[in-house]
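Peer 1: Input: one structure, supplied below.
There are 4 protein chains.
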Amino acid sequence: MDKKIKVSIIGSTGYVGAEVVHGFLFHPDVKIAHLTSQSFIGQKFSDIYPVYRGICDIELEGSSEEDIVRIAKDSDLVITALPHGVSSKMVPVIVENGARVIDHSGDFRYKNIETYTKSYKLDHPHPELLKDAVYGLPEFYRDQLKTTKITANPGCYPTCSLVALAPFLKKGLIKTDMIIIDATSGVTGAGRKSDLAYAYCEVDEAFKPYGAVGHRHTTEISEQCSFLAGDETGKSINVTFTPHLAPFKRGMVASIYVKPSDAFKAEGVTSEKINEVYSDFYKDEQFVRVLPGKNLPDVKFVNGSNYIDVNGMYDPDTDMIKLFSAQDNLGKGAALQAIQAFNAMFGLEEGTGLTNLVRGV
Amino acid sequence: MDKKIKVSIIGSTGYVGAEVVHGFLFHPDVKIAHLTSQSFIGQKFSDIYPVYRGICDIELEGSSEEDIVRIAKDSDLVITALPHGVSSKMVPVIVENGARVIDHSGDFRYKNIETYTKSYKLDHPHPELLKDAVYGLPEFYRDQLKTTKITANPGCYPTCSLVALAPFLKKGLIKTDMIIIDATSGVTGAGRKSDLAYAYCEVDEAFKPYGAVGHRHTTEISEQCSFLAGDETGKSINVTFTPHLAPFKRGMVASIYVKPSDAFKAEGVTSEKINEVYSDFYKDEQFVRVLPGKNLPDVKFVNGSNYIDVNGMYDPDTDMIKLFSAQDNLGKGAALQAIQAFNAMFGLEEGTGLTNLVRGV
Amino acid sequence: MDKKIKVSIIGSTGYVGAEVVHGFLFHPDVKIAHLTSQSFIGQKFSDIYPVYRGICDIELEGSSEEDIVRIAKDSDLVITALPHGVSSKMVPVIVENGARVIDHSGDFRYKNIETYTKSYKLDHPHPELLKDAVYGLPEFYRDQLKTTKITANPGCYPTCSLVALAPFLKKGLIKTDMIIIDATSGVTGAGRKSDLAYAYCEVDEAFKPYGAVGHRHTTEISEQCSFLAGDETGKSINVTFTPHLAPFKRGMVASIYVKPSDAFKAEGVTSEKINEVYSDFYKDEQFVRVLPGKNLPDVKFVNGSNYIDVNGMYDPDTDMIKLFSAQDNLGKGAALQAIQAFNAMFGLEEGTGLTNLVRGV
Amino acid sequence: MDKKIKVSIIGSTGYVGAEVVHGFLFHPDVKIAHLTSQSFIGQKFSDIYPVYRGICDIELEGSSEEDIVRIAKDSDLVITALPHGVSSKMVPVIVENGARVIDHSGDFRYKNIETYTKSYKLDHPHPELLKDAVYGLPEFYRDQLKTTKITANPGCYPTCSLVALAPFLKKGLIKTDMIIIDATSGVTGAGRKSDLAYAYCEVDEAFKPYGAVGHRHTTEISEQCSFLAGDETGKSINVTFTPHLAPFKRGMVASIYVKPSDAFKAEGVTSEKINEVYSDFYKDEQFVRVLPGKNLPDVKFVNGSNYIDVNGMYDPDTDMIKLFSAQDNLGKGAALQAIQAFNAMFGLEEGTGLTNLVRGV
């Protein structure tokens with residue numbers, strides 16, 4: 006490609022923003038145009054993340070509406086890592102000024118405005134944009150990504166859950182009235198901030214469930230599950246979801262409990278069949294890895310990467326299907342999935358700039 | 006008490022054994038008589054655990070059958086932290102030689118011999134002893150503990166699960182055909198051994214499910230759930246159970262998903278009601294702490310101790326009850342529960358030697 | 006003891022304060038009278054540290070000067086865990102109102118007021134009190150502790166360094182013109198606060214030197230080294246000191262490099278001799294453990310406790326003596342040493358309430 | 006480059022070997038020809054490191070002498086990650102069969118055979134090769150690397166120490182009779198093996214010095230320091246060296262204490278001057294980063310990479326220079342430095358395949 010695509014990142018010094026920078030830094034077709042920060046204007050990106058000293062010394066700009074207009078005019082794509090309620094105001098500004106957007110907030114993830122309102126306790130200033138925004142899970146929506154102006158990057162827990170559930174929902178292999186998702190995240194999921202709750206001495210040697218009722222990702226997962234199951238209203242499925250916080254930096258596991266549908270029961274459910282369903286469904290996906298045999302996912306095997314590993318098992322004693330998935334919450338769960346979506350949006354091979362992002366030891 | 010009770014520990018240098026030593030070292034009514042080890046005979050306990058230098062310099066003895074006969078004769082109680090299949094042979098020897106026993110293996114935890122055989126793939130040399138052995142969860146079996154010769158110390162996952170479930174099973178408040186237990190343990194749960202799977206660089210920054218179908222604790226939990234639900238055969242309930250391994254040393258959380266029974270539904274299920282059920286059921290228990298309001302358990306708050314914290318919530322959108330419990334897998338989940346059972350067995354106040362075992366910061 | 010000693014803690018919810026509470030909770034001769042907090046007035050101590058739910062539910066009071074007067078009148082001892090510059094104002098108030106004090110700040114640790122002023126960049130409002138305050142290292146100052154009104158609890162790095170150096174300084178076995186102390190602390194050393202620098206994701210998998218020139222503990226160590234070497238002015242020795250931050254919660258190691266004095270050289274320096282010097286010097290100290298042979302200290306072996314482990318070696322190739330010590334920075338390095346000093350101040354056996362504070366696994 | 010260079014790795018499943026694989030996998034000019042393993046012959050590399058599933062599924066071969074002959078004939082370069090004593094036998098075999106070698110053991114790092122013998126307690130079967138082997142620190146030996154058949158990849162501690170010391174040794178700015186290196190390594194430094202000493206529960210929340218007298222890297226550092234100081238015999242300098250083990254996976258810090266030479270004193274030593282010395286000396290080095298001002302190195306900023314960060318300070322109170330460096334022990338300290346040396350050996354730009362290897366969050 007002769008001319009690089011100009012990408013800017015609004016909110017580049019949070020963990021998600023910084024991981025987006027990381028991914029684009031080494032992307033062969035991209036030139037990072039602007040990086041903004043609320044707290045560190047005028048400093049270099051490498052002052053905040055000294056890892057990048059000599060590698061990314063771009064000066065951080067502000068992110069006022071004026072800044073964003075200017076940046077949008079000078080960018081092909083703007084990535085926004087802003088709080089919900091802020092994105093809903095800024096994303097339309099960016100689009101009006103000629104750039105496409107990938108947004109990391111919850112503001113453009115829903116099709117049902119009332120579900121958004123209930124989940125985020127906010128009035129959306131531009132509900133008319135929801136129908137055009139595309140949910141940025143390339144495995145399911147890559148065709149729509151090609152032309153969208155607004156990509157809503159999925160939540161980390163939703164990505165982890167939906168990739169594990171999709172084949173079974175799409176093929177009608179599970180009952181949809183009880184989907185239990187028990188998930189665990191590393192601490193980067195809480196963002197980069199001064200908060201005693203995430204201080205080293207509070208999180209180390211600790212483990213806990215949180216947000217056990219009413220976590221926002223519950224409705225996001227439910228709406229997308231409904232779509233995957235063929236319900237265009239997005240309202241038929243309500244999942245049970247519990248997140249947990251564990252003492253590691255990056256990574257996420259979803260352990261999912263579902264019952265086989267009558268149709269699947271008639272076929273005869275086995276662990277091998279579950280593995281085959283996955284292998285068949287994801288055979289052309291480069292970032293979804295179906296583990297062989299009884300191998301179960303581990304965050305260790307996906308960290309730093311855009312990979313998501315899945316496998317499942319059948320427990321005949323309780324007629325229960327267990328599905329497991331592991332991803333990097335900042336990788337496939339956030340920043341690197343955004344780059345995958347970017348590749349899809351701009352007609353590039355979807356793995357461009359992503360395939361060598363893994364951490365071995 | 007004038008005369009100290011003589012306690013010996015067979016297998017004292019594993020993590021469970023060492024934690025038993027820890028508890029008894031500071032127990033006001035106990036004198037540690039003998040400590041054995043398979044690998045470190047002749048060394049001092051403090052050579053293996055230098056924490057105890059100057060505190061517990063007892064010399065480690067062997068644990069051949071001859072040793073065990075001699076030790077049993079010189080002890081009021083023998084704690085065995087031996088592999089299953091070995092305990093079933095040694096425990097009867099101890100009892101014959103005059104000491105009472107608390108055994109940490111799975112060999113005396115079941116009432117149904119066929120469930121044991123299926124779970125452990127072993128023939129039990131003394132199935133006749135199973136009916137007399139008492140399952141060492143003092144909260145449910147303290148009366149039987151007073152007189153038993155053999156106490157089978159419960160598994161860590163079973164203790165964590167059963168304390169959370171008991172009130173609801175005993176009172177018929179949940180459906181028993183679907184009990185899903187998703188649990189996470191610290192690494193001490195794997196024991197003290199040279200095993201690459203538990204090396205620092207393999208476990209740090211990692212998280213994974215394991216033993217997703219057929220983990221032995223599944224049948225132990227199921228049998229005890231059946232008893233708690235009033236089924237004397239111990240066979241009516243089959244739970245769904247998945248353990249996970251997380252990068253911390255001590256601690257365990259169980260996150261449990263159950264449906265309210267029709268009776269409970271008729272009453273009107275709420276999170277407050279669930280909290281009341283717990284508070285009422287455990288109001289006289291000193292080691293079960295019911296967290297107030299929406300507070301959820303955290304391993305951080307129970308580590309080093311015999312406490313187990315519980316709370317629950319109701320999700321009206323999915324008609325699902327979520328129950329949560331946290332304990333120290335080596336504390337209430339193993340060694341310190343054994344000391345609580347010991348206190349019950351020997352007519353001591355149940356908290357003796359246990360109430361100051363907590364870790365603050 | 007018939008009547009318990011009434012102890013109050015000012016600043017009880019920081020890590021040091023909480024560890025003081027921990028120690029006194031289980032101290033047989035103490036009744037905790039008052040706990041204060043700046044941020045959590047009106048809440049229970051166990052709301053802030055849920056570990057202590059049901060164990061220490063004392064309500065937190067404020068710490069205005071008025072509060073402190075009232076608390077001092079109702080206490081035999083007040084422990085202050087206040088910032089430097091605040092302690093220097095409040096400690097005299099406490100003493101005037103009838104209580105003795107153990108202070109955790111740097112405000113009463115120096116004898117040379119100009120060294121304090123230079124190190125802390127503060128004018129001391131009560132320099133006249135410095136000469137009466139006793140440096141609370143019981144191993145060296147236990148006689149003075151018996152009668153003092155003000156005990157200045159030593160810094161964590163100074164305790165770790167001084168215990169390792171004392172025998173060699175007191176006996177003239179090392180040159181005093183070059184003492185290099187390279188030390189590493191766990192993260193609790195930074196205190197309990199919302200500070201991005203100590204967030205889990207910033208500290209995990211990280212390790213760094215900090216404060217490489219001018220760390221305040223340098224002058225505190227230097228003054229005390231001078232006293233130990235027999236220089237009553239406290240000004241003859243200047244140590245070289247570098248602290249490091251490592252990803253664990255509690256614990257501290259000092260690795261010290263010194264040259265043997267001519268006198269020691271004349272005797273013939275060996276690793277065995279160094280070990281003997283320690284063993285002889287500390288033979289009556291219950292909390293200083295001299296490791297045998299070539300065993301080196303590890304924070305793992307002292308955590309949660311008031312123990313400090315030491316050993317040393319001689320490197321004939323470079324004529325260098327290496328001294329090593331490990332302690333819990335919150336234990337012997339702060340809160341538990343305060344309890345040891347308290348025992349000395351109130352005529353109790355020095356190990357009272359401390360000997361069972363160790364963490365095995 | 007039209008034709009890829011064929012590289013094989015002997016001992017590819019240890020942590021160093023696997024990191025070499027990682028680096029070469031994404032190297033634009035390299036084709037990995039063969040991977041061997043002692044324990045996992047016939048399995049795929051990705052069976053051992055599932056991170057690489059779908060990325061590196063190469064089958065692991067054996068490493069008998071016969072295997073090595075065959076592999077050497079089919080490779081342009083062979084990387085050996087073998088134990089010392091084994092390398093000294095196998096490296097000559099590889100060279101005889103036509104491949105160049107980068108060896109990770111200590112067997113070819115010394116010029117003085119007696120120093121090797123004393124340090125490793127081994128007779129070297131091919132002492133005649135030592136003079137031709139090149140010490141693989143490209144910053145100092147890149148010219149010799151161009152033509153060498155045998156590159157001895159430096160030890161991790163030596164690299165970290167020598168890069169920090171070199172400018173001062175080369176320019177005569179420090180006294181050479183006292184060089185104290187206090188260093189700390191992450192746990193990967195101990196290698197990938199089943200060893201209780203490196204089990205998660207033994208290393209987590211622990212920190213200790215080890216090998217305090219006689220660690221092998223001491224003599225390696227000393228010999229190279231002598232060369233850097235201009236002493237061709239390699240025998241004039243003896244450094245004092247103490248390693249520590251800390252609970253993180255990757256990374257290493259060296260904190261070094263030296264005295265300024267009279268010449269440097271005459272100039273006037275300051276922290277700024279020290280920084281200038283570094284900046285000037287390393288101005289053309291892409292992997293040595295001199296931190297500005299008072300910024301000190303942190304392993305967090307170099308992990309996953311071939312970068313090494315340095316800075317120094319002068320303490321006028323004690324006339325002591327402190328030098329600090331941080332690197333990834335597996336990166337610049339081992340595997341990635343080997344790739345940098347490989348680039349030098351094969352006439353490639355030295356940063357090829359290395360510049361995008363950093364870990365941000």
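Protein chains in written order, with this note's numbering: chain A, 6 to 366; chain B, 6 to 366; chain C, 6 to 366; chain D, 6 to 366. Backbone N, C-alpha and C define an ideal beta-carbon position, used for all residues, glycine too. Remember, it's a predicted structure, so these values are computed and weren't measured experimentally.
Buried or exposed: which applies to C:K370, given that a residue is buried once 16 or more other Cβ atoms fall within 10 Å of its Cβ?
Peer 2: The question about residue 370 of chain C has no answer here: the residues shown for chain C are numbered 6 through 366.
Peer 1: So what does B:D200 bridge to, in DSSP terms?
Peer 2: BP columns for B:D200 are empty, so no partner.
Peer 1: Using a Cβ-Cβ distance cut-off of 8 Å, determine whether C:E210 contacts chain D.
Peer 2: Judged by the 8 Å Cβ criterion, C:E210 is in contact with chain D.
Peer 1: How about D:V12 and D:I84: are their beta carbons less than 8 Å apart?
Peer 2: For D:V12 and D:I84, yes; Cβs fall inside 8 Å.
Peer 1: Compare the C-beta of D:K254 with all C-beta atoms of chain B and state if any pair is closer than 8 Å.
Peer 2: Yes, D:K254 counts as interfacial toward chain B.
Peer 1: Which residues, taken in chain order from the segment 212-230 of chain B, show a beta carbon closer than 7 Å to some beta carbon of chain D?
Peer 2: For the segment 212-230 of chain B, which is checked against every Cβ of chain D, not one residue is closer than 7 Å.
Peer 1: Going residue by residue through the segment 155-222 of chain D, where are the continuous alpha helix (DSSP H) segments of at least 4 residues, counting only ones entirely within it?
Peer 2: Counting only runs of 4 or more, we get 161-175 and 205-208.
Peer 1: By DSSP, does B:E237 sit in helix, in strand, or in coil?
Peer 2: Looking at B:E237 - three-state DSSP - the assignment turns out to be coil, as it is neither helix nor strand.
Peer 1: Does the Cβ-Cβ distance between C:L341 and C:N311 come in under 8 Å?
Peer 2: Yes.
Peer 1: Where B:M6 and B:V21 are concerned, what is the direct C-alpha to C-alpha distance, given to the nearest angstrom?
Peer 2: Residue placement at B:M6 is poorly supported in this model, since its pLDDT is 48, which falls under 50; the coordinates are not used for a value here.
Peer 1: Going by the DSSP bridge assignment, what does D:V315 pair with across the sheet?
Peer 2: D:V295 and D:S330, per the DSSP bridge assignment.
Peer 1: Taking a cut of 9 Å between CB atoms, which residues from the segment 179-200 of chain B lie near chain C?
Peer 2: Against chain C - using a Cβ distance shorter than 9 Å - the residues of the segment 179-200 of chain B are T193 and R197.
Peer 1: Using a beta-carbon distance below 8 Å, is A:L335 in contact with chain D?
Peer 2: Yes, because at least one Cβ of chain D sits closer than 8 Å to the Cβ of A:L335.
Peer 1: With 8 Å set as the bound, which would you pick, yes or no: does the beta-carbon of B:R294 sit closer than that to a beta-carbon of chain C?
Peer 2: By this cut-off, B:R294 is an interface position.
Peer 1: Would D:C161 count as contacting chain B if we go by Cβ distances under 8 Å?
Peer 2: So, not an interface residue.
Peer 1: Should C:A2 be flagged as near chain B, meaning a C-beta pair shorter than 8 Å?
Peer 2: Shown here, chain C extends from 6 to 366; a query on residue 2 of chain C therefore has no answer.
Peer 1: Name, going along the chain, the residues of the segment 312-331 of chain C whose beta-carbon falls closer than 9 Å to a beta-carbon of chain B.
Peer 2: Listed by position along the chain: Y312 and D314.
Peer 1: So the candidates are C:A38, C:G67, C:H27 and C:S69; which of them puts its Cα closest to the Cα of C:S51?
Peer 2: If we check each option's Cα against that of C:S51, C:H27 comes out closest.
Peer 1: Using the beta-carbon of each residue, which ones in chain C are nearer than 7 Å to B:P55?
Peer 2: Simply F306.
Peer 1: With distances taken from CA atoms, which of D:V192, D:A204, D:T164 and D:I76 is nearest D:I186?
Peer 2: If we check each option's Cα against that of D:I186, D:T164 comes out closest.
Peer 1: For a contact meaning CB atoms closer than 7 Å, what does C:N361 contact in chain B?
Peer 2: Correct list: F31.
Peer 1: My output table needs one value for C:S288: the three-state DSSP class, helix, strand or coil.
Peer 2: Checking the sequence, you will find Lys at residue 288 of chain C rather than Ser. Residue state, collapsed to three classes: coil.
Peer 1: Can you confirm whether the segment 188-208 of chain A touches the segment 341-354 of chain A when touching is taken to mean that 3 or more C-beta pairs between the two stretches lie within less than 8 Å?
Peer 2: With a cut-off of 8 Å, the segment 188-208 of chain A and the segment 341-354 of chain A do not count as touching, because too few Cβ pairs lie within range.
Peer 1: Tell me the rounded alpha-carbon separation between C:T181 and D:D182.
Peer 2: So the alpha carbons of these two residues sit roughly 18 Å apart.
Peer 1: Cutting at 6 Å between CB atoms, please list the residues of its own chain near A:G19, excluding the five before and the five after it.
Peer 2: Around A:G19: A86, G196 and R197.
Peer 1: Provide the residue(s) that pair with D:K36 in DSSP beta bridges, ordered along the chain.
Peer 2: Answer is D:K11, bridged to D:K36.
Peer 1: Could you name the residues of the same chain whose beta carbon sits closer than 6 Å to that of C:V74, not counting the 5 residues immediately before and after it, in chain order?
Peer 2: Only N102 meet the Cβ criterion.
Peer 1: With DSSP as the reference, label A:Y121 as helix, strand or coil.
Peer 2: Three-state DSSP puts A:Y121 in a helix.
Peer 1: Going by other Cβ atoms of all chains shown within 10 Å of its Cβ, with 16 needed for buried, is C:Q48 buried or exposed?
Peer 2: Classification for C:Q48: exposed.
Peer 1: Could you tell me which chain A residues have their CB closer than 8 Å to the CB of D:H109, listed as they occur along the chain?
Peer 2: In chain order: nothing, as chain A lies at least about 14 Å away.
Peer 1: Please tell me whether A:I99 has its Cβ less than 8 Å away from any Cβ of chain D.
Peer 2: No, its Cβ sits nowhere closer than 8 Å to a Cβ of chain D.
Peer 1: Could you give the DSSP three-state label for D:T224: helix, strand or coil?
Peer 2: Reduced to three states, the DSSP call for D:T224 is helix.
Peer 1: Between C:E133, C:N361, C:G365 and C:G356, which has its C-alpha nearest C:R147's C-alpha?
Peer 2: Measuring from the Cα of C:R147, the nearest candidate turns out to be C:G356.
Peer 1: Buried or exposed: where does B:K8 fall if 16 or more other Cβ atoms within 10 Å of its Cβ makes it buried?
Peer 2: Result: exposed.
Peer 1: Are any of the Cβ atoms in chain B nearer than 8 Å to that of C:M6?
Peer 2: Because C:M6 sits at a pLDDT of 47, beneath the cut-off of 50, its placement in the model cannot be relied upon, and the following sentence gives the value as read from the coordinates. By this cut-off, C:M6 is not an interface position.
Peer 1: Under 8 Å between the Cβ atoms of B:K175 and B:R105?
Peer 2: Result no, Cβ atoms of B:K175 and B:R105 do not sit closer than 8 Å.
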